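S.K.: Sharing a structure here in structure tokens format.
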């Protein structure tokens, strides 16, 4: 019985099989940059690049909480009491005098 290696035709992979497309690569590198930039020297680019995705998401979330604290509701201004104008009709002279 003769066995042959499978033909390479069934193993052809598309060019974009592995890796990120350009849009996702830009998002990834933006996240890496922001972690290094806003991390205050905690990590190097290599540290962040090799960090696991869940850990990277955790630190991005923590930095977002630190940099953008939740806004406390502002107290509403109490409307000032308006002074009621007297209900007196305006009387004027039609002749202009």
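Numbering (the working numbering), first residue to last: 1 to 97. Just so it is clear, CB atoms sit at the ideal spot from N, CA and C, and this is done for glycine as well. Owing to the predicted nature of the structure, the values given are computational and were not obtained by experimental measurement.
My output table needs one value for residue 84: the three-state DSSP class, helix, strand or coil.
M.R.: Residue 84 falls in the coil class under three-state DSSP.
S.K.: Look at the alpha carbon of residue 54 and the alpha carbon of residue 64, and state the distance between them as a whole number of angstroms.
M.R.: Rounded to whole angstroms, residue 54 to residue 64 spans 15 Å at the Cα level.
S.K.: How long is the line joining the alpha carbons of residue 42 and residue 35, rounded to whole angstroms?
M.R.: Roughly 9 Å between the two C-alpha positions.
S.K.: Helix or strand or just coil, what does DSSP make of residue 32?
M.R.: Residue 32 falls in the helix class under three-state DSSP.
S.K.: Mind checking which residues open and close the alpha helix (DSSP H) that includes residue 49?
M.R.: Element bounds for residue 49: 45-50.
S.K.: Is the beta carbon of residue 30 sitting closer than 8 Å to the one on residue 56?
M.R.: It is not a contact, given that the beta carbons lie outside the stated cut-off.
S.K.: In the DSSP assignment, find the unbroken alpha helix (DSSP H) run with residue 64 in it and report its ends.
M.R.: Counting along the chain, the alpha helix (DSSP H) containing residue 64 begins and ends at 53-67.
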